[in-house]
Structure formats: C-alpha cells, structure tokens
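S.K.:
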Ligand SMILES: N[C@@H](CCC(=O)N[C@@H](CS)C(=O)NCC(=O)O)C(=O)O
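In the numbering used here, the protein residues as written are 1 to 369.
#1: Taking the alpha-carbon positions, what's the residue 200 to residue 288 distance?
#2: By a C-beta neighbour count over all protein chains shown, 10 Å radius and 16 as the cutoff for buried, is residue 145 buried or exposed?
#3: Name the DSSP beta bridge partners of residue 64, please?
#4: As an exercise, report each continuous alpha helix (DSSP H) stretch of at least 4 residues that is fully enclosed by the segment 325 to 363, in chain order.
#5: If you count every other CB in all the chains shown that lies within 10 Å of the CB of residue 350, and 16 or more means buried, which is it?
#6: Considering only residues of the same chain and omitting the five flanking positions on each side of residue 282, which have a CB-CB separation below 6 angstroms?
#7: Report the residue ranges of all alpha helix (DSSP H) runs contained in full by the segment 95 to 181; include only those spanning at least 4 residues, in chain order.
#8: Does the Cβ of residue 66 lie closer than 7 angstroms to at least one heavy atom of ligand 1?
#9: Should residue 355 and residue 91 be called a contact, given that it needs their Cβ atoms to be closer than 8 angstroms?
#10: Per the DSSP calculation, residue 30 is bridged to which residue(s)?
#11: What does a CB cutoff of less than 6 angstroms around residue 132 pick up in its chain, not counting 5 residues either side in sequence?
#12: What I want to know is whether the C-beta of residue 12 ends up closer than 7 angstroms to one or more non-hydrogen atoms of ligand 1.
#13: Should the segment 179 to 190 be called in touch with the segment 246 to 257, which here means at least 3 C-beta pairs below 8 angstroms?
#14: May I ask you to report which of helix, strand or coil DSSP gives residue 310?
#15: Is any non-hydrogen atom of ligand 1 found closer than 7 angstroms to the C-beta of residue 312, if you look at the structure I gave you?
#16: Across which residues does DSSP place residue 270 in a beta bridge pair?
#17: For the alpha helix (DSSP H) containing residue 296, name the first residue and the last one.
#18: With a threshold of 16 other CB atoms inside 10 Å of the CB of residue 325, please say whether the residue is buried or exposed.
#19: Exposed or buried, residue 320, counting other C-beta atoms within 10 Å across all chains shown (16 or more means buried)?
#20: Please go through the same chain and pick out, in chain order, the residues whose beta-carbon is closer than 6 angstroms to the beta-carbon of residue 262, but skip the five residues on each side of it.
#21: Does DSSP classify residue 256 as helix, strand or coil?
#22: Quick check on the burial criterion: 16 or more other C-beta atoms within 10 angstroms. Buried or exposed for residue 217?
#23: Would you kindly report the start and end of the unbroken beta strand (DSSP E) that includes residue 226?
#24: Report the rounded CA-to-CA distance for residue 125 versus residue 334, giving the unit in angstroms.
#25: Just the Cα atoms here: how many angstroms apart are residue 110 and residue 80?
#26: Along the chain, where does the beta strand (DSSP E) that runs through residue 365 open and close?
#27: Does any heavy atom of ligand 1 sit closer than 7 angstroms to the C-beta of residue 307?
#28: Return the Cβ separation of residue 347 and residue 338 in integer angstroms, given the expectation that the two are a contact with Cβ distance under 8 angstroms.
#29: So with Cβ pairs under 8 angstroms, would you call residue 192 a contact of chain C?
#30: Tell me, which residues are paired with residue 186 by DSSP?
#31: Considering only heavy atoms of ligand 1, does any lie closer than 7 angstroms to the CB of residue 39?
#32: With a threshold of 16 other CB atoms inside 10 Å of the CB of residue 20, please say whether the residue is buried or exposed.
Shown next, in the form of structure tokens:
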C-alpha cells in the first residue's frame with residue numbers, strides 16, 4: 001500500500017498525537033517537513049493556507065490539516081476502532097483528548113524553554129533542521145517566538161513553582177494509573193490516549209530536562225509514551241489483559257484520581273477562557289465562516305492562590321463541544337451516570353462551559369458558524 005505523507009517533526013507537540021494514531025492504526029506513512037517545496041506549492045494551498053504540523057496528504061493528493069481532523073478521517077474510515085462505545089469510557093476518551101491537546105501546554109512549554117542548560121543545544125538542532133539551508137539565520141528567531149508562546153500560555157517566573165508542582169503531581173498520578181493498565185481505558189489506546197500523548201511525547205517525554213524527570217520519577221508513564229509510539233499493543237507487562245477496553249464500562253479509580261488533579265488547572269482556565277471568548281463574540285460582529293484564530297484575548301484566573309494570564313483559545317471549546325454533543329446523544333440514565341462520574345472527578349461543570357457560537361470546519365480551517 002502506498003504510504004500517506006505526514007508533514008510533521010519529532011519535536012512538534014501536535015505531530016506526536018497524529019503519528020501515534022497512524023502507528024497504532026497500522027496505516028503506512030512517511031514523514032516529511034513543512035519547509036519542502038512540495039509542501040509549499042502543492043500542500044499548503046489545500047491546507048487553507050495555514051502552515052502547521054501535523055498536516056497529512058493522502059495518496060490521491062487530498063490534504064487534511066489539524067491533528068483532530070486527521071484522526072477523525074481515519075476513525076470514520078475504519079469504523080471508529082479507537083473510540084470506545086460505552087458511555088463513561090467514550091466521554092472520558094474525549095475529555096482526555098481536550099485536556100491532553102489543550103490543557104497541558106504550560107508544563108510542556110515550561111520544561112522545554114526554561115531549562116536552557118539541559119535543553120538548548122537539543123532544541124537548536126531540531127529547530128534548525130526545520131529551516132532550509134539558506135534560512136538558518138532565522139533559527140533563533142523561530143525559537144524565540146516559541147518561547148514567547150510559552151509566556152502567552154501563562155508560563156512566567158511567578159508561575160514556575162505552580163506549574164512544576166502541578167506537573168510533578170500529575171506525573172505521579174499518571175504513573176499510578178499506568179502501573180495498573182497499559183492505556184487510559186485498558187488494553188487498547190483510545191482517542192484520549194492520543195490527545196494526552198501530545199504534550200507527553202515531543203516536549204515532556206523527549207526534551208532532555210523533562211525526559212530525565214519522567215525516567216527518574218514516572219517509569220510507567222515513560223513506558224506508556226514508548227508504547228504509544230510502537231505498533232501493536234506493546235503490553236508484555238499486562239500479557240493477561242485483552243487488547244481491548246475494560247469490560248462493563250469500567251473506569252479505574254486511578255483515572256478519576258488523575259482527573260481530579262488535572263481539574264485544578266483545567267477548570268478555572270476553561271471558565272475564564274469561555275468568559276473572554278464569549279465577551280469577544282458579543283463585542284465583535286463575527287460573520288459566519290470567519291476563521292477562528294488561535295487566540296482572542298487573554299483569560300485571567302487563579303490556581304491555588306497564584307494568578308495566571310493565558311491566551312483564550314477557541315480551539316479548546318471546539319474539542320470540548322464534541323464531548324458535550326456526545327453527552328447529549330446518551331440516554332437519560334447514562335447521562336446521570338456520566339454526570340456522577342464527572343462530579344466525582346470535580347469536572348461536572350465542563351458539560352456547561354460552552355461558547356455562544358459554534359465552531360466548525362470549512363476548507364481545512366476552523367471557522368465560526
Ligand atoms: N490544532 C492544531 C494545532 C497544530 C499546531 O499548532 N502545530 C504547531 C506545531 S506543534 C505548529 O505547526 N506551529 C507552527 C505554526 O503554527 O506555524 C492541531 O491539533 O493539529
């Protein structure tokens with residue numbers, strides 16, 4: 001079978017999510033960079049002219065930009081092999097997708113950009129490799145713009161201590177979970193595993209500083225990161241466990257404990273971002289079909305007494321709405337069960353945190369409907 005092409009890079013957060021999916025789904029692929037003439041001439045125009053990784057080209061030339069859209073495409077082709085069908089599991093799968101892809105950007109950026117002694121040479125090599133030879137002088141500029149992105153996500157000296165303490169506890173709780181099961185929901189990865197891998201691979205499981213922290217303090221998380229990048233179940237430690245989701249819609253207690261901890265950060269930021277974006281929507285006349293930009297202003301919130309300011313990102317709500325819409329399709333009885341599970345994890349409000357306008361996709365871009 002001719003391989004599809006994934007425009008990606010080893011050190012890109014969102015590339016890790018799509019790559020892992022292709023590996024686990026056994027879809028033949030080859031990787032390419034977005035600085036090639038082929039990407040610029042043939043792929044970018046079909047990607048809504050938005051340059052970004054991951055972008056994927058099918059063998060017939062069709063282009064899919066955005067990691068969630070890439071996964072959606074192959075899920076619908078395959079009959080949703082990585083989407084659990086039972087109520088609680090399917091909601092948690094979607095929840096981990098949004099928390100992973102959007103809710104752990106602060107630790108990812110902190111451990112990448114604030115430990116120059118350990119990380120800088122490694123990062124320089126990777127960023128320089130993204131640029132064609134004649135543009136090498138822009139390497140540092142590109143790196144500085146990513147450093148700036150970290151500050152925009154709320155990683156500034158006053159928040160370093162909080163970001164580290166939240167992440168260290170998250171690692172511990174993930175480690176407890178992956179001591180019990182090889183993937184979030186049992187013997188097989190779900191959509192949520194791919195989302196969670198986004199920050200946990202390219203940044204937190206690969207850059208020298210956070211990789212050493214993970215290897216020293218969270219061996220089971222390290223193994224999960226490795227496992228997510230290998231074909232097949234790769235779960236010799238759990239040889240007795242079927243390569244499937246836990247039976248009976250079971251949710252391990254270790255997962256609820258992890259969510260309870262992740263909620264400390266995810267909930268206040270989501271509440272504040274919803275307020276900022278909804279205010280922006282009220283103040284601006286946004287025509288249907290307008291591209292939903294990455295950020296619309298800043299959200300101010302507080303975690304454990306520390307004030308934070310982070311860009312308010314509509315995309316978080318694009319992913320969250322998928323969970324909320326899924327919830328609406330459940331029977332009343334299942335909704336009661338799912339709400340109780342979310343309440344137990346301190347995340348029941350997540351069902352209500354909506355924007356006043358929906359976001360959809362047109363021409364490979366997220367747009368306001
Ligand atoms: N929502 C997109 C985000 C993709 C994204 O922001 N990718 C980063 C790399 S991890 C990127 O390409 N940044 C460079 C740029 O935006 O020019 C997805 O989930 O795929």
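Heads up, the beta-carbon is just placed ideally off N, CA and C, and yes, glycines get one too.
Treat the numbers as computed from the prediction; the structure is a model and nothing was measured.
M.R.: The structure says:
#1: It is roughly 35 angstroms from the alpha-carbon of residue 200 to the alpha-carbon of residue 288.
#2: It counts as exposed.
#3: 56.
#4: Complete alpha helix (DSSP H) runs here, min 4: 332 to 344.
#5: Residue 350 comes out buried.
#6: Nothing meets the Cβ criterion.
#7: Correct list: 105 to 113, 116 to 130, 139 to 152, 160 to 180.
#8: True, at least one ligand heavy atom lies under 7 angstroms from that Cβ.
#9: Not closer than 8 angstroms, so no.
#10: In the DSSP output, where bridge partners are listed per residue, residue 30 has 5.
#11: Close CB contacts of residue 132 within its chain, under the 6 angstroms cut and outside five residues either way in sequence, are with 35 (chain order).
#12: Yes, since a heavy atom of ligand 1 falls inside the 7 angstroms radius drawn around the Cβ of residue 12.
#13: Verdict: yes, contact present.
#14: Strand at residue 310.
#15: Checking every heavy atom of ligand 1 against the Cβ of residue 312, none is found closer than 7 angstroms.
#16: The secondary-structure analysis by DSSP pairs residue 270 with nothing; it has no beta-bridge partner.
#17: Careful: residue 296 lies outside any alpha helix (DSSP H) and carries neither H nor E.
#18: Flag for residue 325 reads exposed.
#19: With a 10 Å radius around the Cβ and a threshold of 16 neighbouring Cβ atoms, residue 320 comes out buried.
#20: Excluding sequence neighbours, residue 262 sits near 99.
#21: Of the three classes helix, strand and coil, the one that applies to residue 256 here is helix, per DSSP.
#22: Burial state of residue 217 is exposed, judged by a 10 Å Cβ sphere holding fewer than 16 other Cβ atoms.
#23: Segment 219 to 228 is the alpha helix (DSSP H) holding residue 226; no beta strand (DSSP E) there.
#24: As the crow flies, the alpha-carbon of residue 125 is around 50 angstroms from that of residue 334.
#25: Here the alpha carbon of residue 110 sits roughly 35 angstroms from the alpha carbon of residue 80.
#26: Note, residue 365: beta strand (DSSP E), 365 to 368.
#27: With a cutoff of 7 angstroms, residue 307 does not count as near ligand 1, since its C-beta is closer than that to no heavy atom of the ligand.
#28: Contact between residue 347 and residue 338 is ruled out by a C-beta separation of about 11 angstroms, above the 8 angstroms threshold.
#29: In the displayed structure, chain C is absent; only one protein chain is listed.
#30: In DSSP, residue 186 forms a bridge with 183, 245.
#31: In this structure, ligand 1 has no non-hydrogen atom nearer than 7 angstroms to the beta-carbon of residue 39.
#32: It is buried - the Cβ of residue 20 has at least 16 other Cβ atoms within 10 Å.
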